[in-house]
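Working notes, structure below.
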Amino acid sequence: AQTVTQSQPEMSVQEAETVTLSCTYDTSENNYYLFWYKQPPSRQMILVIRQEAYKQQNATENRFSVNFQKAAKSFSLKISDSQLGDTAMYFCAFMKDAGNKLTFGGGTRVLVKP
Amino acid sequence: DAGVIQSPRHEVTEMGQEVTLRCKPISGHNSLFWYRQTMMRGLELLIYFNNNVPIDDSGMPEDRFSAKMPNASFSTLKIQPSEPRDSAVYFCASSPSRRAGEKLFFGSGTQLSVL
């Protein structure tokens, strides 16, 4: 079974600064997918970024980028130029290369301060 | 596109009552998932369907929980009888296919409180 661990329960960052969220996972699979989802106070889960394990290049979506280290089974998320609207829970998630079930980490709460 | 639609948004009920949560997936999506979110256990997959057929229900906690998908545009999650420990946010999600790596689209969830 796969497990996903987010070791930081909460992080705070000043507006316009950068924050990095950590995520590690455990799997025996070689091909898989990794995701970061954002859950704002509105409760809806929103996809932030997606990484395919067979791609070495780190995914980037505007101010969001990842540092994917396959050997270390690490998948951190960097939020650059933080904005107040980035305040939310962030969940790291794992998906095997067969089917599309997501296994989530415990989440990291990010508070962006003005 | 209206996205994944869940109802009700909030549900308060008394222990022992039957609770039915509803979900309308995005049109054309043929995979549907039910997740439960609690403080203690985080986000857990309860069950998922592909083409209206349950594929994996290993996450369903016990026989009090049942899920159906009578057609491609509707699914229900039923708890009978409900217990206080069932209090959680229940999310429905859909994806365009069963192909690996597909993005899941989530509804806004149903906040269930069992008193």
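If you're matching them up, the sequences are chains F and R in order. This note's numbering puts the last residue of the first sequence at 114; the count rises by one with no breaks. This note's numbering puts the last residue of the second sequence at 1115; the count rises by one with no breaks. C-beta: ideal position from N, C-alpha, C; glycine also.
When the Cα atoms are used, F:S82 and R:S1097 turn out to be separated by approximately 34 angstroms.
Three or more Cβ pairs closer than 8 angstroms define a contact, and the segment 1084 to 1098 of chain R meets that threshold against the segment 1032 to 1039 of chain R. DSSP places R:D1086 within a helical segment (H, G or I) once states are collapsed to three. At a cut-off of 7 angstroms, the C-beta of F:R63 has no neighbouring C-beta in chain R. The beta carbon of R:S1108 sits closer than 7 angstroms to some beta carbon of chain F.
In this structure, the alpha-carbon of R:C1023 lies about 10 angstroms from that of R:S1094. Distance check between F:P9 and each of F:K113, F:V112, F:G106 and F:D97 places F:G106 closest, using alpha-carbon atoms only. Classified as exposed, F:I46 has fewer than 16 neighbouring CB atoms from the shown chains inside 10 Å of its CB.
Taking every protein chain shown into account, the CB of F:N30 has fewer than 16 other CB atoms within 10 angstroms, so this residue is exposed. For R:H1010, the enclosing beta strand (DSSP E) has its first and last residue at H1010 to T1013. For F:D81, the secondary structure class from DSSP, reduced to helix, strand or coil, is coil.
Exposed is the label assigned to R:N1071, since fewer than 16 other Cβ atoms lie within 10 Å of its Cβ.
Shown here for F:K73: same chain residues with a beta carbon closer than 6 angstroms to its own, the five before and five after excluded, namely T24 and Y25 in chain order.
Residue nearest to R:E1014 within the set R:R1099, R:F1074 and R:P1081 is R:P1081 (criterion: CA-CA distance). Shown here, F:D97 sits in coil according to DSSP, grouped into three states, outside any helix or strand. By the Cβ neighbour-count rule, F:S42 is exposed, with fewer than 16 other Cβ atoms within 10 Å of its own. Counted as a single uninterrupted DSSP element, the beta strand (DSSP E) harbouring R:K1078 occupies residues F1074 to I1079. Put simply, the backbone Cα of F:K55 is about 31 angstroms away from that of R:R1041. Around the beta carbon of F:N100, 16 or more other beta carbons lie within 10 angstroms, which makes this residue buried. At a cut-off of 7 angstroms, the C-beta of R:E1102 has a neighbouring C-beta in chain F. Using a CB distance cut-off of 7 angstroms, R:L1077 does not count as an interface residue toward chain F. For R:F1091 and F:A71, the gap between their C-alpha atoms comes out near 33 angstroms.
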